[in-house]
Structures are given as C-alpha cells and as structure tokens.
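Asker:
Number of protein chains: 2
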Amino acid sequence: MNKQATPPQSFYPPSRRLMGPGPTDISPRVLAAMSRPTLGHLDPDFIDMTEDLKQMLQQAFKTENSYTIPLSSPASAAMEAAIINILEPGEKIIVCRNGVFGMRMSDIIERAGGEVVAVDDEWGKTIDLQKVEDAIKQHPDAIALAFVYAETSTGVRSDAAALAKMARTADMLSIVDCVTALGGIDLRVDEWGLDLVYSGSQKCLAAPPGLAPMTINERALKKIASRSTKVQSWFLDFNLLGGYFQGSDANKGGSKKRAYHHTAPINSLYALHESLVVLLEEGLDASFKRHQLMHLALEAGLSAMGIELTVDKEWRLPQLNSVGLPDSVDDAAVRSHLLKEHSLEIGAGLGASAGKIWRIGLMGYGARQENVFHCLTALEDALANQGFVLTAGKALPAARKVLTNK
Amino acid sequence: MNKQATPPQSFYPPSRRLMGPGPTDISPRVLAAMSRPTLGHLDPDFIDMTEDLKQMLQQAFKTENSYTIPLSSPASAAMEAAIINILEPGEKIIVCRNGVFGMRMSDIIERAGGEVVAVDDEWGKTIDLQKVEDAIKQHPDAIALAFVYAETSTGVRSDAAALAKMARTADMLSIVDCVTALGGIDLRVDEWGLDLVYSGSQKCLAAPPGLAPMTINERALKKIASRSTKVQSWFLDFNLLGGYFQGSDANKGGSKKRAYHHTAPINSLYALHESLVVLLEEGLDASFKRHQLMHLALEAGLSAMGIELTVDKEWRLPQLNSVGLPDSVDDAAVRSHLLKEHSLEIGAGLGASAGKIWRIGLMGYGARQENVFHCLTALEDALANQGFVLTAGKALPAARKVLTNK
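In the order they appear, the protein sequences are chains B and X. Last residue of the first sequence? That's 407 in the numbering used here, and every number before it is there in order. Last residue of the second sequence? That's 407 in the numbering used here, and every number before it is there in order.
(1) Would you report the Cα separation of S16/X and P38/B, rounded to the nearest angstrom?
(2) Mind listing the chain B neighbours of Y271/X? Cutoff is C-beta to C-beta under 8 Å, in chain order.
(3) Does the beta carbon of D250/X sit closer than 9 Å to a beta carbon anywhere in chain B?
(4) List the residues that DSSP assigns as beta-bridge partners of E346/B.
(5) So, is E346/X buried or exposed, given that buried needs 16 or more other C-beta atoms within 10 angstroms?
(6) Label G21/X either buried or exposed according to how many other C-beta atoms from any shown protein chain fall within 10 Å of its C-beta, with 16 as the threshold for buried.
(7) Measure the alpha-carbon distance for G362/X versus T153/X and round it to whole angstroms.
(8) Looking at P266/B and L297/B, is the spacing between their C-beta atoms short of 9 Å?
(9) Report the start-end ranges of each alpha helix (DSSP H) in the segment 148 to 189 of chain B that is 4 residues or longer and not cut off at the edges.
(10) In chain B, what lies closer than 9 Å to T39/X by C-beta?
(11) Relative to chain X, which residues along the segment 153 to 165 of chain B have a C-beta separation below 9 Å, given in chain order?
(12) Just the chain B side, please: which residues come within less than 8 Å of L277/X by C-beta, in chain order?
(13) What is the residue span of the beta strand (DSSP E) that A119/B lies within?
(14) For T216/X, count neighbouring C-beta atoms within 10 Å of its own C-beta (all shown protein chains included) and say buried if the count is 16 or more, exposed if not.
(15) For K126/X and chain B, any beta-carbon pair shorter than 9 Å?
(16) Would you say W359/X reaches chain B, if we count a Cβ-Cβ gap shorter than 9 Å as a contact?
(17) Indicate the three-state DSSP secondary structure (helix, strand or coil) for T216/B in the structure shown.
(18) Name the chain X residues that come within less than 7 Å of F289/B, Cβ to Cβ?
(19) If we ignore side chains and look at the alpha-carbon of each, how far apart do G254/B and Q247/B end up?
(20) Can you name, in chain order, every residue of its own chain whose Cβ lies under 8 Å from the Cβ of D382/X, other than the five neighbours on each side?
(21) Taking the Cβ atom as the reference point for each residue, do L43/X and L277/X lie within a distance shorter than 9 Å?
(22) Would the beta-carbon of A151/X fall within 9 Å of that of S28/X?
(23) Could you compute how far the alpha carbon of N3/X sits from the alpha carbon of R189/B?
(24) Just to make sure I have the definition right: I need the residues of chain X whose C-beta is within less than 7 Å of the C-beta of N268/B. Which are they?
(25) Tell me, to the nearest whole angstrom, how far the beta carbon of S36/X is from that of S36/B; I am working on the premise that it is less than 8 Å.
(26) Using CA coordinates, which residue listed in I128/X, D135/X, A83/X, P24/X is at the minimum distance from A161/X?
(27) How would you label R228/B, buried or exposed, when you count the other beta carbons within 10 angstroms and need 16 or more for buried?
(28) Spell out whether any CB of chain X is found under 9 Å from the CB atom of L340/B.
(29) From the beta carbon of Y261/X, is the nearest beta carbon of chain B less than 9 Å away?
(30) Under the rule that 16 or more other beta-carbon atoms within 10 Å means buried, what is K223/X, buried or exposed?
(31) Beta strand (DSSP E) containing G325/B: first to last residue?
(32) By how many angstroms is the C-alpha of P45/X removed from the C-alpha of S256/X?
(33) Looking at the structure shown, is L310/X part of a helix, part of a strand, or coil, going by DSSP?
(34) Can you have a look at Q203/B and say buried or exposed, based on whether 16 or more other CB atoms are within 10 angstroms of its CB?
(35) Within 8 Å, do at least three Cβ pairs link the segment 354 to 361 of chain X to the segment 314 to 333 of chain X?
(36) Relative to the C-alpha of Y13/B, which residue among T7/X, P9/X, L40/X is closest?
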C-alpha cells in the first residue's frame with residue numbers, strides 16, 4: 002500500500018491504431034455493445050443471447066458441433082482446456098512446434114502428466130507434413146496430434162486439413178489452435194475433421210480480448226466420456242462447462258436447464274456477439290477476401306519501400322505479416338516512434354525472431370484501407386527518422402494500385 | 002449449423018435491476034469505462050493503468066502484498082489457482098464447508114491429487130471455530146485451512162480473523178474466499194494474516210463479471226517456491242502470472258520488463274479500474290456503512306411485510322440477504338413476476354435451500370435507497386399477486402424510517 006497514494010483517478014486511454022498481433026482495432030459498434038446494461042447470467046434474455054451467439058460461432062467455425070461455446074477466459078486457457086480434457090496421465094500427444102504456441106502446448110501437456118512427442122520445425126516455416134507422418138508411424142499409441150493452424154508468433158499458416166486427416170487416419174484426435182485464424186482465413190471444422198478447436202476474441206473477430214470460442218466434436222467428447230480419471234481442473238472441465246453453456250439433456254421436453262458453474266462475463270459476451278454479427282453480415286468469404294486484399298496492398302507498399310515479408314508466399318497469413326527489418330535499423334526506436342508520433346502499434350518479434358521481424362496485424366476491423374495507408378506512411382516516417390529515406394513516397398501508390406486493381 | 006438461420010441480429014438487453022447474488026447493478030460510469038478504446042496489452046499506457054489498478058486493489062484488500070493482481074478469469078478460476086499453486090499431490094487441506102463454495106474447494110483439491118479434511122457446518126450457519134480447532138489438532142500435517150469469508154450461497158459471514166489466526170498458529174496457510182466480501186464488509190488482509198485471498202469483479206466492486214482480484218503474501222509465495230513439482234496448470238501458474246503482471250525482478254534498475262503470458266482482457270480491466278476509483282472515492286468505511294444501512298432498511302421493510310431474514314443476526318452479510326419464503330408461496334412464480342413485471346432480478350436458493358430462501362443482493366452500486374424501495378414495492382406486488390396482501394403498504398415507511406434515523 003502506497004502511503005502517499007494520490008487520489009484515485011479515472012483512466013482515459015489514448016486512441017491507438019492496433020496493428021500488432023492482437024488485440025486488434027475494435028470497431029465502435031462492438032465497443033458500444035460491450036457497455037450495454039449487464040444482465041444476470043441466468044436471465045432468460047441472456048440465455049437467448051448466448052444461444053444466438055453459439056449458433057453464430059457454429060457458422061464462423063463451419064461446424065454443426067453442438068458443443069460450441071465461448072470459454073470465459075483467454076485463448077491460452079482454451080488451449081489448456083482442450084489438452085487436459087482428453088489427456089490422462091501417461092498418455093502421449095504429438096505436438097508440432099514451429100512457434101511460441103506449439104511450445105506452450107508441450108509445457109501444458111507435461112504439467113498434466115502427459116508425454117510430448119515433439120515435431121520441430123524452424124520458426125517461420127510451415128509444419129513439415131512428412132515429419133508428422135513419420136512421428137505418427139513411430140508413435141501409433143499417441144492419443145492426439147496438436148498443431149497451430151495460424152501461428153501468431155511467426156505469421157505462418159499450416160495445412161490444417163492435411164494434418165487433421167493424418168490424425169484421423171491414425172485414429173488420433175486433432176487439437177487445432179485457430180486463435181488467429183477464425184474469421185480471417187478459410188477454416189472448415191467439419192469438412193476438415195478438426196476435433197478440438199479453439200480461438201480467441203481479440204484477433205480476426207475483433208472483439209476485446211478475454212474470451213475463447215471453442216468447438217468440440219463427438220469424437221473428442223467420446224474420448225472425454227471414456228476417461229478413467231477426473232479432469233484435473235474444475236474450472237476447465239468440459240463436462241461441467243457443457244452443463245453450464247448447453248444445459249442438461251435430462252430435460253428433453255423443453256428448454257434445457259443450465260447447471261450453475263461460474264458467472265459468465267456478460268458484457269464481454271455482448272461484444273463477442275456483436276463482433277459475430279458484424280462478421281456474418283459481411284459474410285465469411287467476403288471477410289477472407291478483404292483480409293487477403295489488405296495483405297497484398299500492405300505487401301506492395303512495403304516492397305516499394307524495400308522491405309519484404311519473411312514467410313514463404315504459400316504459407317503467409319494475410320492477417321499477420323512478418324516483416325523483415327531493414328539492416329541495421331533500431332527495432333525498438335522504430336516501434337517507439339510509431340507509438341509516440343503516430344499512435345500506431347505494431348508487434349515485435351518473439352523469441353528467436355526478436356529484433357529480426359516486425360509483426361503487422363490486419364485483423365478483423367483492423368483489415369481496412371486506412372490502416373494499411375496509415376501503417377505505410379507512419380513506417381516511412383519512422384524509417385526516415387532513422388536515416389532510411391531511399392524510397393519515400395512510393396509506398397502508398399503501390400498499395401493503392403493493388404486496391405484499385407482488385 | 003442451423004440451415005434456416007435468420008440474419009444475424011444485434012442484441013439489446015433489457016435494463017434490469019440486478020439484486021441477486023451477482024452480477025450486481027453496474028453504474029453507467031463503470032460501463033462507460035469499459036467501452037473506451039482498446040489498448041495493446043504491452044502498451045506503456047496500459048501498463049501504467051494496471052500498476053494503478055494494482056495499487057487500488059492493495060488499498061481495497063488492506064494489504065501491502067506486492068503480489069496483488071487482477072486474474073483474467075472468473076473468481077472460480079481464482080479459487081482453483083489459490084489451491085493448486087500451493088498444493089502438491091498427497092498433501093492435505095482442511096476445508097470449512099457451510100455452503101456451495103466450500104464444497105467446490107473440496108472438488109478442486111481432490112482433482113489436484115490432494116486430500117480434503119472436511120469440517121462441515123449446516124448451510125446458513127457460520128463456521129464453528131471449535132470444530133476447526135479440533136480438525137487442526139487432528140491433522141497438524143495439513144498445509145492449509147481453506148474457508149469462505151462471505152458465503153454467497155447462504156449470505157453467511159465467517160470469523161475470518163479468528164480462522165486465519167488458528168491457521169497461522171498451526172503453521173498452515175489460509176486460503177480465503179472473499180468473492181462477495183471485498184468492498185462490502187470489513188476485510189483486512191494484512192492485519193488478519195490472510196495468506197491467499199481472491200475476490201470477483203461482479204459483487205461489491207460492481208464491475209461486470211469476468212475478473213478475479215487476488216492477493217498473495219510472502220508466506221504463500223515461499224510455499225510455492227519450495228514446490229518439488231510444477232504447478233499442474235500453465236494458465237494459472239502464479240510464477241508465470243507474476244512475471245506477466247509484475248515483471249521480472251532481474252531488471253531492478255528501471256521499470257520491470259513483463260514476460261508475455263496471455264493477452265489481458267483490456268476493456269474488462271478498464272471497468273475494474275473505474276469500479277475501484279468509485280470505491281476509493283467513497284472510501285472503504287463509508288462503503289461498508291452504506292451496505293449496512295441499506296441492509297437494515299431492507300430488513301425493516303421485509304419485516305413489516307412479515308418476512309424475515311434467515312441468518313443469525315451476528316453473521317448476516319449486509320450485501321447478501323437470505324430471506325425466508327412465506328409459507329406456501331410459489332418461489333418461481335414470484336421471481337418470474339419480479340422479472341417480467343418489474344424487470345427486477347433477485348436470487349433463488351441453491352442446493353438444499355432451493356425453494357426455501359431468496360437471496361437479495363445489495364452490492365456496490367446496487368446498495369442504494371432506490372434499489373431497496375424498488376425491491377420492497379415489487380415484492381409486495383408479487384406477493385399480493387399470489388394472494389398475500391396482509392401487510393401491503395407498510396414496507397416502505399418501515400424502510401424509510403431506518404434510512405432517515407441513520
């Protein structure tokens with residue numbers, strides 16, 4: 002306790018343009034939804050809203066899974082939930098690791114008493130299917146294959162459909178991290194046979210951070226039902242969460258009675274609901290197309306400045322662009338200039354790529370022309386400020402050309 | 002996926018008066034804070050805001066613990082975090098159970114491989130200190146004593162100071178559930194020697210649900226540091242959370258560098274911050290006094306209607322009033338009438354007390370005269386609608402008398 006505490010003061014955040022790895026820019030429409038009057042979590046109107054929300058999540062995930070819920074926690078808790086609900090001590094999971102989040106999966110598995118079979122790829126490269134095939138052959142007793150569809154730490158996409166098919170063929174479950182994917186690139190949970198899938202609210206859905214949409218199919222629920230031990234976590238137990246978000250099947254005649262579990266984050270759910278309305282109004286395909294177009298415009302503008310994306314073209318995520326730093330540029334100075342002079346946030350590299358790349362997000366509401374233009378002009382200014390003035394003025398026309406020739 | 006899905010529609014909640022066990026009424030001021038522009042979770046302005054928030058939490062908890070953080074999850078996750086961070090498999094915890102939340106603690110301990118020593122009291126009664134003393138004597142090897150200071154399921158207070166002292170004397174840690182307590186009744190974390198303490202945003206702090214303020218002292222951190230096993234949960238590991246919310250001590254010279262863990266729920270934290278500003282502007286003592294006064298006014302009004310509180314006077318929580326249902330009244334019909342005709346939510350009984358009590362919350366912004374009056378008049382109307390008309394018109398004058406004679 003600070004004895005000389007100043008009187009408490011309200012906080013008024015500056016208005017930033019968020020073009021990092023998430024949270025992304027949130028539209029005024031979604032922010033407004035968040036501040037509507039709070040309801041009780043057992044209020045019939047609130048329950049109707051969550052039913053509606055779950056149906057929209059099913060559409061966004063392209064699934065008919067009835068177990069499709071918004072977890073009341075950040076996506077990293079959803080990652081943990083997906084793993085610990087199917088894993089029993091001593092069981093094996095094959096984990097593809099080509100970035101931060103594959104590493105995190107390993108940590109979670111080990112803490113839960115599981116065994117990790119690691120398939121490592123270079124950070125910034127996609128997952129090598131052959132290596133995974135080999136690991137599956139060597140470890141046919143593994144219960145699951147875990148991988149990240151859209152690696153937020155590197156901006157790399159993996160071949161989720163192929164990976165899930167391998168898992169299915171070997172009678173393993175697939176655990177698929179779609180945190181940065183959902184709403185930004187094609188994702189077909191049912192068609193691709195993805196078994197346990199989770200995402201986050203603050204990426205391409207463009208709602209404030211804090212919630213994790215999840216969907217789990219019957220194959221995964223069957224494995225959970227066959228457990229001989231209780232799930233180690235009370236808070237993340239899918240049986241209890243199912244009773245809360247879906248109600249009990251005991252009462253088949255009418256509306257299902259929900260079993261109290263925790264108090265849902267009502268206002269955050271309003272925001273997630275509204276972000277899904279926005280997404281479905283636009284349409285999934287239109288959203289994917291917009292993300293791709295803005296990505297190409299950004300790429301063209303950066304390229305005109307002599308800056309290149311670092312990920313192989315085939316595996317680039319349009320919503321998260323890994324950008325190579327020009328030689329000898331001061332990473333922190335540029336990002337600080339962008340923040341202070343332009344109120345613009347971009348992301349730094351993580352781990353091994355710190356100081357080597359920037360991560361520029363174009364997610365959800367943030368994937369729009371004014372953001373591309375602002376980012377390019379601000380970056381030009383920041384680089385000029387560092388003495389890199391070679392290509393000033395060329396970025397915007399190059400980006401505009403992409404946008405007008407779409 | 003519903004093939005005949007209607008076009009997505011925005012959700013506009015009705016405006017309720019929330020007088021159940023939480024979430025409580027949220028002030029427009031706090032709702033407005035929640036919809037301010039989202040910042041990145043590594044933005045210097047956001048970090049300054051969380052520092053400010055942590056300092057206000059220290060004041061609210063009356064503690065100098067530097068480990069005082071807003072957990073990015075509901076309070077039930079905080080309960081789990083408090084337990085699993087200190088518990089190693091095979092260790093014992095003594096759990097006081099006189100309501101839902103003591104039971105939940107047991108479940109969490111068992112899932113984590115711990116042993117529960119249960120001290121059971123009747124639901125609706127306070128915790129019997131002698132029984133706890135006996136359990137401590139019989140199980141001197143227990144590592145902790147866990148109890149609920151303010152039982153939300155029954156409206157009962159326990160003697161937190163005495164219980165914590167017993168634990169300390171026996172060299173056990175205390176785990177103290179203060180979900181419904183914080184901001185509503187006296188709570189002195191340091192003076193009483195409470196070791197692991199957690200609360201929720203949606204009770205007497207009157208912020209939207211979803212966050213759990215926690216404070217942990219050096220004694221507890223020492224036990225955590227001495228673990229021979231990793232904490233079973235990655236998401237709830239206090240070591241990792243400390244690195245995220247407090248930064249690393251490695252960099253002692255300047256501002257501490259925060260280690261990325263998860264993406265904090267930015268906008269929910271704005272709301273929690275503002276709710277703490279509101280609380281500290283009023284002052285803790287003034288807030289406790291207001292809760293007590295509104296409680297007495299409600300009690301007087303109910304009593305004039307022939308309805309009595311069920312908890313022993315000494316152990317009543319002013320912020321959560323357990324009210325005995327008049328004989329033969331239809332519980333569900335009354336609550337439904339209140340909701341439909343008066344847009345007023347009160348809580349039902351849980352478990353054994355379902356159908357026997359109502360739980361009327363007077364928490365934070367909800368603990369004000371207009372709420373007391375509205376509740377009394379609406380309840381009178383609902384009971385009249387059921388044929389209970391004996392005392393109509395007497396409730397308000399009785400409540401007003403308490404308020405004017407304060």
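Built from N, CA and C at the ideal position, the CB exists for glycine as well.
Answerer: Reading from the atomic positions:
(1) A direct Cα-to-Cα measurement between S16/X and P38/B gives close to 6 Å.
(2) What Y271/X touches in chain B: F12, P14.
(3) Low local confidence applies: a pLDDT of 46 at D250/X is under 50, so the model's placement there is unreliable, and no value is given.
(4) DSSP lists L19/B as partners of E346/B.
(5) So E346/X counts as buried.
(6) Buried, by the Cβ-count rule.
(7) Across the structure, G362/X and T153/X are spaced so that their CA atoms are roughly 9 Å apart.
(8) At the C-beta level, L297/B and P266/B stay beyond 9 Å of one another.
(9) Fully enclosed alpha helix (DSSP H) runs of 4 or longer: 161 to 170.
(10) Neighbours of T39/X in chain B, taken as residues at a C-beta separation under 9 Å, are given in chain order as P14, R17, L19, P24, T25, D26, I27, L32, Q203, P209, P210.
(11) Within the segment 153 to 165 of chain B, no residue has a Cβ that lies closer than 9 Å to any Cβ of chain X.
(12) Near L277/X (Cβ distances below 8 Å), the residues of chain B are P9.
(13) According to the DSSP assignment, A119/B belongs to the beta strand (DSSP E) that extends over 116 to 121.
(14) That one is buried.
(15) Contact with chain B is absent for K126/X, since none of that chain's Cβ atoms lies less than 9 Å from the residue's Cβ.
(16) No, W359/X does not count as interfacial toward chain B.
(17) Note: T216/B maps to strand in three-state DSSP.
(18) Neighbours of F289/B on chain X: none; closest Cβ ~17 Å, over 7 Å.
(19) Because G254/B sits at a pLDDT of 36, beneath the cut-off of 50, its placement in the model cannot be relied upon, and the following sentence gives the value as read from the coordinates. Roughly 15 Å separates the two Cα atoms.
(20) Leaving aside the five residues that flank D382/X on each side, the residues in its chain whose CB is nearer than 8 Å to its CB run, in chain order, H338, E342, H343.
(21) With respect to the 9 Å criterion, L43/X and L277/X are not classified as neighbours on the basis of their beta carbons.
(22) At least 9 Å separates the beta-carbon of A151/X from that of S28/X.
(23) Residue confidence is low: N3/X scores 45 on pLDDT, short of 50, so the model does not pin down where it sits. Its coordinate-derived value is still stated next. Their Cα atoms are separated by approximately 16 Å.
(24) Within 7 Å Cβ-Cβ: M35, P209.
(25) Sure, about 4 Å apart at Cβ, within 8 Å.
(26) When only C-alpha atoms are compared, the closest one is I128/X.
(27) Exposed: under 16 other Cβ atoms inside 10 Å.
(28) Taking 9 Å as the CB threshold, L340/B lines the interface with chain X.
(29) The Cβ of Y261/X sits closer than 9 Å to at least one Cβ of chain B.
(30) Under this definition K223/X is an exposed residue.
(31) Taken as a continuous stretch (DSSP letters only), the beta strand (DSSP E) holding G325/B covers 321 to 325.
(32) The predicted position of S256/X is uncertain, since its pLDDT is 49 and thus under 50; a value taken from the coordinates is nonetheless stated next. Between the C-alpha atoms of S256/X and P45/X there is a straight-line separation of about 11 Å.
(33) In the structure shown, the three-state DSSP call for L310/X is strand.
(34) By the 16-neighbour rule on beta-carbons within 10 angstroms, Q203/B is buried.
(35) Touching, yes, given that three or more Cβ pairs across the two stretches are closer than 8 Å.
(36) That would be L40/X, whose Cα lies nearest to the Cα of Y13/B.
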